[in-house]
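> Chains as they are written, first to last, in our numbering: chain A, 1 to 200; chain B, 1001 to 1200.
There are 2 protein chains.
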Amino acid sequence: MAESNTTRDRIVNAARELFYEHGFAGASLADILKKAEANSGSLYHFFKSKEELLIAVLELYKDMMQPVLLEPLWKDVTDPIERVWALLGGYRQFLIMTDYTYGCPIGNLALEVGNHLPSARQKIFENFENWRLAVRRCLEDAGARLPGDVDRDKLATFVLTTMEGGVMQARTAKSIEPFDSSVEMLKDYFARLMKAPDRA
Amino acid sequence: MAESNTTRDRIVNAARELFYEHGFAGASLADILKKAEANSGSLYHFFKSKEELLIAVLELYKDMMQPVLLEPLWKDVTDPIERVWALLGGYRQFLIMTDYTYGCPIGNLALEVGNHLPSARQKIFENFENWRLAVRRCLEDAGARLPGDVDRDKLATFVLTTMEGGVMQARTAKSIEPFDSSVEMLKDYFARLMKAPDRA
DNA sequence: GTCTATAACTTGATAGAC
DNA sequence: GTCTATCAAGTTATAGAC
């Protein structure tokens, strides 16, 4: 995992940070090696190309989601609907804390690599899937508080959509307003769903 | 504008296409010049750096929004709410038509350049603003069909959020499903707003 | 305003000793 | 598994003739 200190892990972690800050194309292997305090020979001992290093980074993100993202945010929140807002609140805090410099690392890579690197696209997809499944689980746990005819899966996708679209606009505006506006609309939608009579 | 054929315009247009396909860092000036059938001397006669060329591309996008994006999509649609769906439908068609290879060029650049190029960030912001204002205008034109206490500006932001988040996920999934799910939720939200009694 | 040539540097990747 | 040295190609940007 991330906390161990093998050469391989130092390289992957440095790559994760620099891909996050400068993008995949924008981060050079030289900079990554410098940050990792490692040498070119080590990098190419573990990975056969920069692309393979990216795959390792995306796998690390998958492994990090539960312990690094969800657990701290959900530690003191048991209500499943509140957990959805806590998750969005976490991104909100992070945006403000970093003065809108950093957004969602997966979203960044999603738009940068597009279809150019198929194996990376697949890993990005898996990251989105895990996020969506975590939210869907919350919505399922909400049980009858959401009407039976509300599609939990689609609604979870919509929560991810709101997060990614809101983060993108907040970073561009250097203001939390677009993010807050989007989340406010989403919350209002939830409120209307939850007070509506069950049509099922 | 884009249709003229001066050397400058050919360069800006080639840059627009290659930044779209490969990103700002991923598109080289050599490739841009080759596509534009122009030489390095011409490029640096008009622009003092690659970054300045990006600014020109972002200004072109601003100029293109009305005639190239909105006008064709809204030509046969007069109902203001339907115009919102026509706009989202245009992106939907484009995603499918390009097999999820291309998304929103502004969204791509928004996440790639972040805060690294402040003047570019400003232009990206202006592009988002124009898009949001066009949608807000639709919502305002809908008049009393939306309850008076619905914030048109925030709702327009939320439409843009839905578009960008949906496009991101559809490209990653190589499937229209996440986009359709998101738009379906947004439409349901609109339906609930529009049938709700005016609380104002 | 357009051309060619090229500077100055960085890129991803490799070779081979230890 | 880690090191140094290095390659070949590509990068942005410039110089100066026309």
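All C-beta atoms in this analysis are idealised placements derived from N, C-alpha and C, irrespective of residue type, glycine included. What you are looking at is a predicted structure, and each value in this text was computed from that prediction instead of being measured.
Answer yes or no: do B:V1135 and B:L1160 have a C-beta to C-beta separation smaller than 8 Å?
On the second sequence, residue 1135 of chain B is found 135 positions in, with the first residue counted as 1. On the second sequence, residue 1160 of chain B is found 160 positions in, with the first residue counted as 1. Cβ distance < 8 Å, so B:V1135 and B:L1160 count as in contact.
> Does the separation of the CB atoms of A:T157 and A:R132 fall below 8 Å?
Along the first sequence, one-based indexing puts residue 157 of chain A at 157. Along the first sequence, one-based indexing puts residue 132 of chain A at 132. Yes, the Cβ-Cβ distance between A:T157 and A:R132 is below 8 Å.
> Can you list the beta strand (DSSP E) stretches of 3 or more residues lying completely in the region 1088-1112 of chain B, in chain order?
none
> At what residues does the alpha helix (DSSP H) containing A:G143 begin and finish?
As a working mapping, residue 143 of chain A is identified with position 143 in the first sequence. Here A:G143 belongs to no alpha helix (DSSP H), and DSSP marks it neither H nor E.
> Using the three-state DSSP reduction, which class does A:V183 fall into: helix, strand or coil?
Numbered from 1 along the first sequence, position 183 holds the residue referred to as residue 183 of chain A. Helix, per DSSP.
> Quick one: using the 10 Å Cβ neighbour count with 16 as the cut-off for buried, is A:N5 buried or exposed?
Counting from 1 along the first sequence, the entry for residue 5 of chain A is found at position 5. It counts as exposed.
> I want to verify the contact list: residues of chain B whose CB lies under 7 Å from the CB of A:R121, in sequence order.
Position 121 of the first sequence, counting from 1, holds the residue named residue 121 of chain A. Chain B residues near A:R121: T1172.
> I believe B:G1107 touches A:L111 by the beta-carbon criterion, under 8 Å. Please report the beta-carbon distance rounded to the nearest angstrom.
Here residue 1107 of chain B refers to the residue found at position 107 of the second sequence. Here residue 111 of chain A refers to the residue found at position 111 of the first sequence. Between A:L111 and B:G1107 the Cβ distance is about 6 Å, and since that is below 8 Å, they are a contact.
> State yes or no: is the C-beta of B:A1086 within less than 8 Å of the C-beta of B:P1147?
For the purposes of this step, residue 1086 of chain B is taken as residue 86 along the second sequence, with counting starting at 1. For the purposes of this step, residue 1147 of chain B is taken as residue 147 along the second sequence, with counting starting at 1. Between B:A1086 and B:P1147, the C-beta spacing is not below 8 Å.
> Check the C-beta distance from B:A1120 over to B:E1051 and give it rounded, since I have them as a contact under 8 Å.
In the second sequence, counting from the first residue as 1, residue 1120 of chain B sits at position 120. In the second sequence, counting from the first residue as 1, residue 1051 of chain B sits at position 51. Between B:E1051 and B:A1120 the Cβ distance is about 7 Å, and since that is below 8 Å, they are a contact.
> Just to confirm my understanding: we take B:E1126, look at its own chain, exclude 5 residues before and 5 after, and list those with CB closer than 7 Å. What are they?
Taking the first residue of the second sequence as position 1, residue 1126 of chain B is located at position 126. Closer than 7 Å at Cβ, skipping near neighbours: K1062.
> Which value, in whole angstroms, describes the spacing of the CA atoms of A:H45 and A:V77?
By 1-based counting over the first sequence, the position of residue 45 of chain A is 45. By 1-based counting over the first sequence, the position of residue 77 of chain A is 77. Answer to the nearest angstrom: the Cα atoms are 44 Å apart.
> Is there contact between the region 1019-1029 of chain B and the region 182-192 of chain A, where contact requires at least three CB pairs shorter than 8 Å?
no
> By the criterion of Cβ-Cβ separation under 7 Å, what are the contact partners of A:K62 in chain B?
As a position in the first sequence, residue 62 of chain A is number 62, starting the count at 1. What A:K62 touches in chain B: nothing, since even the nearest Cβ is about 14 Å away.
> So, is B:P1072 buried or exposed, given that buried needs 16 or more other C-beta atoms within 10 angstroms?
Residue 1072 of chain B sits at position 72 when you count from the first residue of the second sequence. Around the beta carbon of B:P1072, fewer than 16 other beta carbons lie within 10 angstroms, which makes this residue exposed.
> Measuring CA to CA, which of B:R1010, B:R1092, B:L1069 and B:I1124 is closest to B:S1182?
By one-based count along the second sequence, residue 1182 of chain B stands at place 182. Minimum Cα distance to B:S1182 is reached at B:R1092.
> Are the C-beta atoms of A:M168 and some chain B residue less than 8 Å apart?
As a working mapping, residue 168 of chain A is identified with position 168 in the first sequence. Closer than 8 Å: yes.
> Quick check on this structure: which residue in A:V167, A:A56 and A:G23 has the alpha carbon closest to the alpha carbon of A:T98?
On the first sequence, position 98 is the one that residue 98 of chain A refers to. Looking at the Cα atoms, A:V167 is the closest of the given residues.
> Quick check on A:N13: does DSSP put it in helix, strand or coil?
In the first sequence, residue 13 of chain A corresponds to position 13, counting from 1. Reduced to three states, the DSSP call for A:N13 is helix.
> Taking 8 Å as the CB-CB limit, is A:A200 close to chain B?
Here the question's residue 200 of chain A lines up with position 200 in the first sequence. Low local confidence applies: a pLDDT of 46 at A:A200 is under 50, so the model's placement there is unreliable, with the coordinate-based value given in what follows. It does not: the Cβ of A:A200 has no partner Cβ on chain B nearer than 8 Å.
> How about B:N1108: is its C-beta nearer than 8 Å to some C-beta of chain A?
Residue numbering aside, residue 1108 of chain B sits at position 108 when the second sequence is read from its first letter. Chain A, which has a Cβ nearer than 8 Å to the Cβ of B:N1108, makes this yes.
> DSSP on A:N39, reduced to helix/strand/coil?
Counting from one through the first sequence, the residue named residue 39 of chain A turns up at place 39. In this structure, A:N39 counts as coil in the three-state DSSP scheme.
> May I ask you to list, following chain order, the residues of the region 1018-1049 of chain B that have a beta carbon less than 7 Å from some beta carbon of chain A?
G1023, A1025 and G1026
> Using a Cβ-Cβ distance cut-off of 8 Å, determine whether B:K1154 contacts chain A.
Position 154 of the second sequence, counted from the first residue, corresponds to residue 1154 of chain B. Interface residue, yes.
> Alpha carbon to alpha carbon, how far is B:Q1169 from B:N1115? Give it in angstroms, no decimals.
Indexing the second sequence from 1 puts residue 1115 of chain B at position 115. Indexing the second sequence from 1 puts residue 1169 of chain B at position 169. Distance between the alpha carbons of B:N1115 and B:Q1169 is about 23 Å.
> Using the beta-carbon count (16 or more within 10 Å), is A:E226 buried or exposed?
No answer is possible for residue 226 of chain A: it lies beyond the span of chain A, which begins at 1 and ends at 200.
> Could you give the DSSP three-state label for A:F255: helix, strand or coil?
No statement about residue 255 of chain A is possible, as the shown extent of chain A runs from 1 to 200 and does not include it.
> Please look up how many angstroms separate the CB atoms of B:F1128 and A:T7, rounded, as I've assumed it's under 8 Å.
Here residue 1128 of chain B refers to the residue found at position 128 of the second sequence. Here residue 7 of chain A refers to the residue found at position 7 of the first sequence. About 42 Å; that fails the 8 Å criterion.
> How is A:K75 classed by DSSP in three states: helix, strand or coil?
In the first sequence, the residue the question calls residue 75 of chain A occupies position 75. Reduced to three states, the DSSP call for A:K75 is coil.
> Is there a C-beta anywhere in chain B that falls below 8 Å from the one on A:R8?
Translated into positions along the first sequence, residue 8 of chain A becomes position 8. With 8 Å as the cut-off, A:R8 does not count as an interface residue toward chain B.
> Comparing alpha-carbon positions, which option in B:L1058, B:W1074 and B:D1151 lies nearest B:G1023?
Translated into the one-based positions of the second sequence, residue 1023 of chain B becomes position 23. Minimum Cα distance to B:G1023 is reached at B:L1058.
> Since B:L1155 and A:M185 are thought to touch, with beta carbons under 8 Å apart, how far apart are those beta carbons, to the nearest angstrom?
If you number the second sequence from 1, residue 1155 of chain B lands on position 155. If you number the first sequence from 1, residue 185 of chain A lands on position 185. Right, their Cβ atoms sit about 6 Å apart.
> What residue range does the alpha helix (DSSP H) around B:Q1169 cover?
Numbered from 1 along the second sequence, position 169 holds the residue referred to as residue 1169 of chain B. R1152 to A1173 is the span of the alpha helix (DSSP H), which, as asked, contains B:Q1169.
> When Cβ atoms are compared, which residues of the region 1175-1193 of chain B fall closer than 7 Å to chain A?
P1178, S1181, S1182, E1184, M1185, Y1189 and R1192
> Whose C-beta lies closer than 7 Å to the C-beta of B:G1041 among residues of the same chain, with five residues either side of it excluded?
On the second sequence, position 41 is the one that residue 1041 of chain B refers to. Result list for B:G1041: empty, nothing under 7 Å.
> Measure from the alpha carbon of A:R10 to the alpha carbon of each residue in A:A38, A:R137 and A:D31, then state which is nearest.
What you label residue 10 of chain A is simply residue 10 of the first sequence in a count that begins at 1. Cα-wise, what sits closest to A:R10 is A:A38.
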